[in-house]
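Remarks on the structure that follows.
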Amino acid sequence: MSNLVYFEATFTSLYVVLLYGALAWEVRMPKEIHGLKGSCLVIPCSFSYTAYPPANPRRVVWYQWVSKGYPLVYDPWYPNNVIEKFKGNTDLYGNSSWDCSLNYTHGLTLKLLERAPTHFMIVCCLIVTFLLFVADPQFPSINIYGGERSGETITVVCSAFHTCPYSKPTITLNGIEGSDQIDNEHFKDGLWKITLTRTGVVKAESSTIECSVTYHGGITVTATKDKNAQCNTIKWKQTTTQWSQAATQRN
0 MSNLVYFEAT FTSLYVVLLY GALAWEVRMP KEIHGLKGSC LVIPCSFSYT AYPPANPRRV
60 VWYQWVSKGY PLVYDPWYPN NVIEKFKGNT DLYGNSSWDC SLNYTHGLTL KLLERAPTHF
120 MIVCCLIVTF LLFVADPQFP SINIYGGERS GETITVVCSA FHTCPYSKPT ITLNGIEGSD
180 QIDNEHFKDG LWKITLTRTG VVKAESSTIE CSVTYHGGIT VTATKDKNAQ CNTIKWKQTT
240 TQWSQAATQR N
């Protein structure tokens, strides 16, 4: 009995064919995956079973399913047999014996993904389909909290989505000084969210906040947002009054 599980993919439509024991095996994959052009991509995949265990749970092999033969997309035992466009660019992502996620490390291109049909294969028992969308990276989002007056505390949050968890984007913020906190968390279905939070003090009445994100593969996108603050005239008047009173007393 075969120990391989077959994953099919058109690169506009991906699906998994499971070979046996439909009630004994379960494969979990998202219905949609959004990839970023020029970046890497992790295709989430996990499986479990109650019967027909494979001889080696980590023996996961991905094939391209075409009209003749099954060219290799990923096989750690026979890496030299992987077809040229995937050779050296695919690997498993994750360490669990139940993880069959495929990591495509090369920059995604529309040319590669528009070549249909492309079918992939791995291990077991019903058909799971999902769509793969590839697009240019979106502009990062900028949110500003506080800082209505000069001298007040301001918090700027810049965030962006990416598909490359092992090589996360570089995120930078200009226009405000302060202390930084960077978080990178899994969002859903092969998407990760990186967030830069900067806390500082408003020093100017008008400033432009600029957030730039450079993705794996070198593509950079930048967003800007203007911030206006009122001059803190109340404190200035109080200081002037105190100075005038002190001068009067000396005289």
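Heads up, the sequence shown is in numbering that gives the first Met the number 0, so the first residue is 0 and it goes up one at a time.
Where a beta carbon is used, it is the ideal one built from N, C-alpha and C, also for glycine.
Just checking my contact of residue i with residue j at CB under 8 Å: how many whole Å lie between their CB atoms?
i      : j      : result
Cys163 : Cys210 : Between Cys210 and Cys163 the Cβ distance is about 18 Å, and since that is not below 8 Å, they are no contact.
Ser149 : Asp98  : That pair is no contact at about 52 Å.
Val200 : Ile153 : 7 Å
Ile143 : Lys226 : 6 Å
Glu31  : Asp188 : 6 Å
Glu252 : Gln229 : This structure gives no information on residue 252, because the portion of the chain shown stretches from 0 to 250.
Tyr77  : Val41  : About 22 Å; that fails the 8 Å criterion.
Asn80  : Tyr103 : The Cβ separation is near 18 Å, so there is no contact.
Per DSSP, which one or two residues make a beta bridge with residue i?
i      : result
Cys210 : Leu172, Ala222
Phe160 : Lys192
Ala134 : Leu35
Gly216 : DSSP, once it has assigned bridges, lists no residue as partnering Gly216.
Asn94  : Note: Asn94 sits in no beta bridge, so no partner.
Ser205 : Asn227
Ile153 : Gly145, Gly199
Span of the beta strand (DSSP E) holding residue i?
i      : result
Gly199 : 190–200
Asp74  : Looking at the DSSP string, Asp74 is not in any beta strand (DSSP E), and its letter there is neither H nor E.
Phe186 : 178–187
Asp90  : 89–91
Tyr103 : 101–103
Tyr165 : Run containing Tyr165: none; DSSP gives neither H nor E here.
Ser140 : 140–145
With distance defined between alpha-carbon atoms, name the residue in the options nearest to residue i.
i      : options                        : result
His105 : Tyr165, Thr223, Ile208, Asn173 : Tyr165
Leu101 : Arg197, Val220, Ile208, Pro29  : Pro29
Asn183 : Lys192, Pro78, Glu176          : Lys192
Ala139 : Ala222, Leu190, Asp74, Thr49   : Going by the sequence as given, residue 139 is Pro instead of Ala. Checked all of Ala222, Leu190, Asp74, Thr49; the closest Cα to Pro139 is Ala222.
Arg273 : Ser96, Trp24, Lys36            : Lying outside 0 to 250, the shown extent of the chain, residue 273 is not represented and no answer is given.
Gly216 : Arg197, Asn80, Gly34           : Gly34
Ala50  : Leu190, Phe160, Trp24          : Trp24
Asn231 : Glu204, Phe85, Gln137, Val133  : Glu204
Arg27  : Ala159, Gly37, Val220, Pro43   : Pro43
Phe186 : Val133, Trp61, Val81, His161   : His161
Asn55  : Pro75, Asp179, Leu71, Ser38    : Pro75
Asn173 : Lys86, Tyr62, Lys224, Pro52    : Lys224
Thr196 : Tyr214, Gln180, Ser206         : Gln180
Val220 : Pro70, Tyr48, Val72, Asp135    : Asp135
Gly37  : Lys67, Tyr73, Gln137           : Gln137
Leu190 : Ser178, Ser206, Val212, Lys167 : Lys167
Phe85  : Tyr48, Asn94, Cys39, Val155    : Cys39
Ala159 : Tyr214, Ser178, Lys202, Thr198 : Tyr214
Say whether chain C places a C-beta atom closer than 8 Å to the C-beta of residue i.
i      : result
Ala134 : Protein chains in the displayed structure number just one, and chain C is not present.
Threshold first: 3 residues or longer. Then list the beta strand (DSSP E) segments lying entirely within the segment 25–68, N to C. 31–35, 40–42, 45–48
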